[in-house]
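> The following block contains the structure, expressed as C-alpha cells.
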Amino acid sequence: MIQTDELRGIIAKRRMSQAEVASVIGISPKTFYNKMKKGVFGSDEIETMITYLKIDNAMDIFFAQK
C-alpha cells in the first residue's frame, strides 16, 4: 500500500501539481486521483515518479506495510 500522504507531501515540496505528475507518468489527472485514492500504481509509474520527483525513501512510500 502506498503512503499517499507522504507522496502528496513530496509533490507539494517539489512545487508540482498532481496533474503535472500524472502527465509525466502518462495518465490523466482523474486516473492519477483514483490511483492515489486506492493507493495502487503500476511498477512503471512508480519508477517514473521516483526518478521525476527525486524520491530518496521510495521503499517507505511505495512499499509500506499496513
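Residue numbers (my numbering): 9 to 74. C-beta: ideal position from N, C-alpha, C; glycine also.
In terms of residues, what are the limits of the alpha helix (DSSP H) holding Asn42?
Per DSSP, Asn42 belongs to the alpha helix (DSSP H) from 37-46.
> Can you tell which of Lys38, Gly17, Lys21 has its C-alpha closest to the C-alpha of Ala27?
With distances taken between Cα atoms, Ala27 lies closest to Lys38.
> Does DSSP put Phe49 in a helix, a strand or coil?
Three-state result, Phe49: coil.
> With Ile18 and Ile58 assumed to form a contact (beta carbons below 8 Å), what rounded beta-carbon distance in angstroms separates them?
10 Å between Cβ atoms; not a contact.
> Leaving out five residues on either side along the sequence, give the residues of the same chain with a beta carbon under 6 Å from the beta carbon of Tyr60.
Cβ within range, chain order: Val32.
> Would the beta-carbon of Ala72 fall within 8 Å of that of Met9?
In this structure, Met9 lies closer than 8 Å to Ala72 by Cβ.
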